[in-house]
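Numbering (the numbering used here), first residue to last: 66 to 458.
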């Protein structure tokens, strides 16, 4: 199967643009212009300059020797945690702010769960001098306080969302409502490979710099640009889309997506969409979605705010349904154990989201000559309070 998006925004049966009539002009303008803008030489030059000189790319591909010894494989960590602002999210926001400027937009809105996308959006808005509003669930504001402070320091207005589960899903709902009420001057910087077409495609393309660099760096380090296995955590799925992008068509490379099992897949407190989800529509696209028998969205749970989402992006729904990627899950406890293991063995404190990807190492049987790349999507400063609670307990 070809995993590139179709002209109408579908990956197989998943994707599309299911939007209210009021948003149609915005989404249609974006759909008609995004490809030509992104391919324009002056846009690419400005984007590449910012990625190199502002974001700090290329990020290192670090050979984790002690981790490799423990799991009997050659394990590399793609250090997206070393990007400016501490996560991969800024790869996308740098691209989208340049896109918004070329579309003539004067105001930016965004949603955030773990706060990393909110910080990345607030950062590029500060850089460009553009007003920014970030919607964030009340529960996430409490558990990601350092990132809330960063957003405010950067000049963004953080709007608390107290509806529903008070997490990422509800923040996204409010951002969409804002966009509907301000369709002409506002660009919505969506942070993951979710939403109506063309968002899943354009976010995946901005994040594809991750796998582009992996290929070059692996070639330099091992003589072969292709790994045996690529592992990434999945909430909406932006870091996984970026890590998988340039390997999608080579089916010899095993792609492993790791979801949040929360307190256990069958506990009623989980975000493992590949197991618990059914086909449905959320935030403008057709995808796999956790829902009740009558189609009501099931509230997700994860210790990591960035994975606390009841669906996955349509690309990931296709990778799951058609078997291109293997979907595993890690519980809250397994993610915590993996975070402490990585800290102890390699001196790297990962974000809780990234710790889910590391936790997958316990669930996979490797061959000794396997070359494994784990996308370390973010750093763990923002989760220190959770880590301290775990230590004290």
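The beta-carbon is built from N, C-alpha and C at its ideal position, and this holds for glycine as well.
The structure presented is a predicted model; accordingly, all values stated were derived computationally and were not measured.
Between residue 303 and residue 258 a beta carbon distance of about 5 Å is seen, short of the 8 Å cut, so the two are scored as contacting. Here the segment 185-195 lies against the segment 210-221, with 3 or more beta-carbon pairs under 8 Å apart.
Taking one beta carbon from each stretch, the segment 364-375 and the segment 297-312 have 3 or more pairs nearer than 8 Å; the two touch.
Looking at the DSSP output, residue 139 shares a beta bridge with 436. The Cβ neighbour count for residue 456, taken over all protein chains shown within 10 Å, is under 16; the residue is labelled exposed.
In the DSSP annotation of this structure, the continuous segment of the beta strand (DSSP E) that includes residue 324 starts and ends at 319-327. The beta strand (DSSP E) runs of length 3 or more contained entirely in the segment 226-264 are, from start to end of the chain, 251-253.
A direct Cα-Cα distance of roughly 31 Å separates residue 313 from residue 448. Of the residues assessed, residue 117 falls on the exposed side of the cut-off, its CB having fewer than 16 other CB atoms within 10 angstroms.
An exposed status is given to residue 249, since fewer than 16 other beta-carbon atoms sit within 10 Å of its beta-carbon. Taking a C-beta distance under 8 Å as the contact criterion, residue 245 and residue 164 do not qualify as a contact pair. The C-beta distance from residue 84 to residue 261 rounds to 5 Å, short enough to meet the 8 Å contact threshold. Cα atoms of residue 72 and residue 266: separation of roughly 11 Å, rounded to the nearest angstrom.
Residue environment: residue 90 is assigned as exposed (fewer than 16 neighbouring CB atoms within 10 Å of its CB, all protein chains considered).
Listed in chain order, the non-local C-beta contacts of residue 142 below 6 Å within the same chain comprise 127, 129, 439 and 441, local neighbours out to five positions each way being set aside. Excluding five sequence positions before and after residue 231, the CB atoms of its chain that fall closer than 7 Å to its own CB belong to 202, 203 and 204, given in chain order.
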